[in-house]
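Student:
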Ligand SMILES: C[S@@+](CC[C@H](N)C(=O)[O-])C[C@H]1O[C@@H](n2cnc3c(N)ncnc32)[C@H](O)[C@@H]1O
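Residue numbers (full-length UniProt numbering): 1 to 351.
1. Compute the Euclidean distance between the alpha carbons of residue 333 and residue 67, then round it to the nearest angstrom.
2. Classify residue 13 as helix, strand or coil using the three-state DSSP reduction.
3. In chain order, which continuous runs of the alpha helix (DSSP H) of length 4 or greater are located wholly inside the region 214-247?
4. Mapping DSSP to helix, strand and coil, what is residue 172?
5. Please tell me whether, using a cut-off of 6 Å, the distance from the CB of residue 369 to the nearest non-hydrogen atom of ligand 1 is below it.
6. Output needed for residue 223: all residues of its chain with C-beta closer than 7 Å, excluding positions within five of it in sequence on either side, in chain order.
7. Kindly examine ligand 1 and report whether one of its heavy atoms sits closer than 6 Å to the Cβ of residue 219.
8. Output the distance between the C-alpha atoms of residue 154 and residue 104, rounded to the nearest integer angstrom.
9. Would you mind sorting residue 98 into buried or exposed? The rule is 16 or more other CB atoms within 10 Å of its CB.
10. Whole angstroms are fine: how far does the CA of residue 210 sit from the CA of residue 58?
11. Residue 124 by DSSP, collapsed to three states: which one?
12. Need the endpoints of the alpha helix (DSSP H) that residue 151 sits in, please.
13. CA-CA distance, residue 272 and residue 5?
14. Using 8 Å as the Cβ pair cut-off and three pairs as the minimum, do the region 76-93 and the region 172-181 touch?
15. In angstroms with no decimal places, state the Cα-to-Cα distance between residue 25 and residue 86.
16. Can you round the beta-carbon distance between residue 307 and residue 321 to whole angstroms, since I take them to be within the 8 Å contact cut?
17. Can you tell me whether residue 312 is helix, strand or coil according to DSSP?
18. Reducing DSSP to helix, strand and coil, say where residue 167 ends up.
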């Protein structure tokens, strides 16, 4: 099986190279409005943003930054198939301007923008990020009432393009082979994620300084979302591609991808990240199988049996829907004019 990964060093406010209704899933994390690290980027897109910030007009700057993102959301409505899903990872921002501290609710403004464009909001995920900080306050310390709650979560907002679910041909193999395990369903489809700790980060190949500069998310975020909301053969688009974590996840998950990124230096970072993509994709698949086998052992220790046998792996599964699950590993990657072509083979589980 081959997948293609198209990359554009270009502005995603105009996605003219992407055909109407040609993408099944969007997974992305935009620059977060009112977070200082993205001020210069937003000011390049609209110079009026600098003057609003300098004059202390936080609300006007917030709105002007979102107006830039809105232009990308306009394009998503066009390129996503009916019933296609958009997953937007975004955090709120806290900021003091002119000595006035407040929160800028990015998640609420993005939700409004998608609703205005005909998307239906679906239940979202609150991603509770691991933190080392023991000091749970901002502001005036131990004296009420002027301390503030610290923000230690981000959102994964989920929207469906239009009111209808995607339709598939009956018995579609590409859907059944892309099944997830019962216990993964229970963990992934919970509305608070506390277990994304970036465990694979050592393998993911983003140096810490680049992670800081790019706002890269851990591979586990796009990988899970790809498994939850797409099937083999589908294409995922990331209009704010950064260091390419979404494409890396798509390569591991055996989906096609398209990425747009303004900063061309991130492409070199990505070249390094896919150096060892064969090993990474194997490790991701094997880890899922190992965790599943641990789950089977725990069930059996509790005296519960599982009802079905997997067809492609030596393991029982809970439901018939999981029985055809088939992981894929990357066998080879070739550079093409528009990005990469990747050859996948069924995951080899011996040795
Ligand atoms: C939060 S980062 C994404 C990080 C990415 N998820 C990763 O794991 O590396 C947002 C990215 O969007 C890019 N960007 C912002 N506006 C853009 C636009 N209009 N078109 C294309 N890329 C844009 C920025 O350069 C930045 O790399």
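Heads up, the beta-carbon is just placed ideally off N, CA and C, and yes, glycines get one too.
Tutor: Based on what the coordinates show:
1. 38 Å
2. coil
3. 220-229
4. coil
5. Not covered by the structure: residue 369. The range shown for the chain is 1 to 351.
6. 249, 252, 253 and 284
7. no
8. 13 Å
9. exposed
10. 28 Å
11. strand
12. Per DSSP, residue 151 belongs to no alpha helix (DSSP H) and is neither H nor E.
13. 16 Å
14. no
15. 6 Å
16. With a Cβ gap of about 11 Å, residue 307 and residue 321 do not count as contacting.
17. coil
18. coil
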